[in-house]
Amino acid sequence: MMLHYSIALIIAGSLCLASPISLTKRATASSGNFNVISIGVNGFPATFDPSGIPAINKTINMMYIGTKISHGGYDIVNVQEDFDYHATLYQYDNHRFRTATSGGVPVGSGLNTLSNYSWIDFSRIDWYFCGGACVAKQGFTFMRMRIEEGVYIDMINLDTNAWTDPADQMARRWNIEQVSDFINVNSVGNAVIVCGNTHLRYTSSRDNIRVLTAQNGLTDAWVQAIGGKAPAAGADPMICPEGVPLDINCEDEHNVLYRGSHFIDLTSLGFYYDTPIFLSQEGSVLTSQNPIRVEFAWSFKSELRQSDLYGGAHGTWFNDLPLVPSAPKLASIVLRGANRLDGFTLTLTSGRTFTHGGSGGTAYILDLASDEYIKTVKLCWNKHINGHTRIFYAKATTNKSKMIQVGQWSPHCATSVAPSGYGVVGTYGQDGQEIDQLGFIYAPQ
Numbered sequence: 016m017m018l019h020y021s022i023a024l025i026i027a028g029s030l031c032l033a034s035p036i037s038l039t040k041r042a043t044a045s046s047g048n049f050n051v052i053s054i055g056v057n058g059f060p061a062t063f064d065p066s067g068i069p070a071i072n073k074t075i076n077m078m079y080i081g082t083k084i085s086h087g088g089y090d091i092v093n094v095q096e097d098f099d100y101h102a103t104l105y106q107y108d109n110h111r112f113r114t115a116t117s118g119g120v121p122v123g124s125g126l127n128t129l130s131n132y133s134w135i136d137f138s139r140i141d142w143y144f145c146g147g148a149c150v151a152k153q154g155f156t157f158m159r160m161r162i163e164e165g166v167y168i169d170m171i172n173l174d175t176n177a178w179t180d181p182a183d184q185m186a187r188r189w190n191i192e193q194v195s196d197f198i199n200v201n202s203v204g205n206a207v208i209v210c211g212n213t214h215l216r217y218t219s220s221r222d223n224i225r226v227l228t229a230q231n232g233l234t235d236a237w238v239q240a241i242g243g244k245a246p247a248a249g250a251d252p253m254i255c256p257e258g259v260p261l262d263i264n265c266e267d268e269h270n271v272l273y274r275g276s277h278f279i280d281l282t283s284l285g286f287y288y289d290t291p292i293f294l295s296q297e298g299s300v301l302t303s304q305n306p307i308r309v310e311f312a313w314s315f316k317s318e319l320r321q322s323d324l325y326g327g328a329h330g331t332w333f334n335d336l337p338l339v340p341s342a343p344k345l346a347s348i349v350l351r352g353a354n355r356l357d358g359f360t361l362t363l364t365s366g367r368t369f370t371h372g373g374s375g376g377t378a379y380i381l382d383l384a385s386d387e388y389i390k391t392v393k394l395c396w397n398k399h400i401n402g403h404t405r406i407f408y409a410k411a412t413t414n415k416s417k418m419i420q421v422g423q424w425s426p427h428c429a430t431s432v433a434p435s436g437y438g439v440v441g442t443y444g445q446d447g448q449e450i451d452q453l454g455f456i457y458a459p460q
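According to this note's numbering, the sequence shown is numbered sequentially starting from 16.
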């Protein structure tokens, strides 16, 4: 492969489909607060509901739930059991960002998110094993919730097998193992929040809720709120009473678990059963379980900063953040490509290298002087012939106006600008034989 050194590189091929360039502004907020509620809305059709609630009453109940969600000051709402009365829920809710329904029973999962924050990389994942719960297409949803520019939290909303036969108990344990494995592959280096109906209890020796804390580094917000020590497996159950709990010292089968990252600290400020909010006019509980609300605070953990992510949710997730050394500085950058950005390599002055993508195309290198750093990166992305969105063009420019570029322009472009005095020292995103998605990690220079 030919390696080209260039200060102002003219890329091979025509630069076509030029479009207005979006210049990314840096966020000013370095910390903030938000809340998350996880709530089972009991949206099964009346014919599936063992409580015998008539369809008209279920519609009215969902109207109340939607109204209370809308006016309750909730930033992120993860709902489960949102099946046949989904339209009513959304009719009475006013959150700006909402997932599209996956359908009623039996084709849908009943999982949806209503949020004041946008997200990327949304997907629905079916359980590998469902046991008796196969009457509905249950599983979990995944999204990267954008709290601020460059500040993403991987959000998982789940609903496991609720039945009690031995095969169902085994399926439920496999459900949790599946989520744990998914986090280990797709959330490397990322903050994570897991919400939903786990149908698990710490006091049950049959259940494996501890997998998420032991294998994924998550903290259970309820455990933290009751003193930081989980009840012992095999201990007497701490089942919440019917109706409104007196306090949070009873154990519900809803959970909210979380972790921060090398980039942000994520802290639970409070755990609440919001059951008193979700009552009918007659005082009956509208939800299938106690709605769980957690108040969160986030803040930058170090001087490192990140750009937004650009491109498509394809390929394999990567994140250089955990491997970025202290006081990092970029020594050189290699871009490889022809019609698209095939791959790239960043080499730090410490000797650490970060290589992502494939080896196709022509490689170009830019060496940086001791007082030089990459200040801006322009990216363009478009649909590949296979329907996947990929990065088609990349141009990096230093504080001394040197640049390196490769690929072809496309209709969708943005330019990421490092904070004042910062430069690129790493990346995160998704790749395969080419680069599907890309964002940048910055450090003071």
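Think of the CB as a built atom: it goes at the ideal place given N, C-alpha and C, for glycine as much as any other residue.
Distances from the alpha-carbon of leucine 129 to those of Met185, Ile54, Gln184 put Ile54 closest. Shown here, valine 194 sits in a helix according to DSSP, grouped into three states. Bridge partners of leucine 233 according to DSSP: none are assigned. Straight-line measurement puts the Cα of alanine 247 at about 23 angstroms from the Cα of glutamate 257. According to the DSSP assignment, tyrosine 89 belongs to no alpha helix (DSSP H), since it is labelled neither H nor E. In the DSSP assignment, aspartate 141 is bridged to Gly154.
By the C-beta criterion, the stretch 50-68 is judged to be in contact with the stretch 91-104, since at least 3 inter-stretch pairs fall below 8 angstroms. Around the CB of valine 271, 16 or more other CB atoms lie within 10 Å, so the residue is classed as buried. CA-CA distance, isoleucine 456 to alanine 433, rounds to 9 angstroms.
By the criterion of at least three beta-carbon pairs nearer than 8 angstroms, the stretch 174-190 is not in contact with the stretch 65-73. Going by DSSP, histidine 269 is part of the beta strand (DSSP E) stretching over 269-274. Residue environment analysis places asparagine 176 among the buried positions, since at least 16 neighbouring C-beta atoms fall within 10 angstroms of its C-beta. Counting only the Cα atoms, serine 133 lies some 23 angstroms from aspartate 141. Secondary structure of proline 181 (DSSP, three-state): helix.
At a Cβ-Cβ threshold of 8 angstroms, arginine 351 and glycine 358 count as neighbours. Annotation for proline 459: Glu318, Gly436, Tyr437 place their beta carbon closer than 7 angstroms to its own, counting only its chain and skipping 5 residues before and after. Per DSSP, the beta bridge partners of glycine 326 are Gln452. Taking C-beta atoms as the reference points, aspartate 174 and glycine 125 count as a pair closer than 8 angstroms. Taking the C-beta atoms as reference points, isoleucine 419 is found nearer than 8 angstroms to tyrosine 379. Taking 8 angstroms as the cut-off, the beta carbon of phenylalanine 315 is found closer than this to the beta carbon of serine 45. If you draw a straight line from the Cα of tyrosine 325 to the Cα of leucine 227, it comes to about 29 angstroms. Between threonine 370 and threonine 360, the CB-CB gap stays under 8 angstroms. Look at methionine 77 here: in three-state DSSP terms it is helix.
Residue pairing from DSSP places histidine 427 in a beta bridge opposite Trp396. For the options Asp180, Pro291, Ser283, Ser303, the alpha carbon positioned closest to that of glutamine 239 is the one of Ser283. For the set Thr364, Ser425, Gly373, Asp386, the Cα lying nearest the Cα of leucine 394 is the one of Ser425. Glycine 258 is not bridged by DSSP to any residue. Residue environment: glutamate 268 is assigned as buried (16 or more neighbouring CB atoms within 10 Å of its CB, all protein chains considered). For glycine 275, the closest alpha carbon among the candidates Met170, Tyr143, Asp451 is that of Met170. Sorting Gly373, Gly327, Leu363 by C-alpha distance to the C-alpha of serine 341 places Leu363 at the top. Burial state of glutamine 304 is buried, judged by a 10 Å Cβ sphere holding 16 or more other Cβ atoms. Rounded to the nearest whole angstrom, the C-alpha separation of leucine 104 and glycine 119 is 13 angstroms.
If you draw a straight line from the Cα of valine 349 to the Cα of leucine 381, it is about 7 angstroms long.
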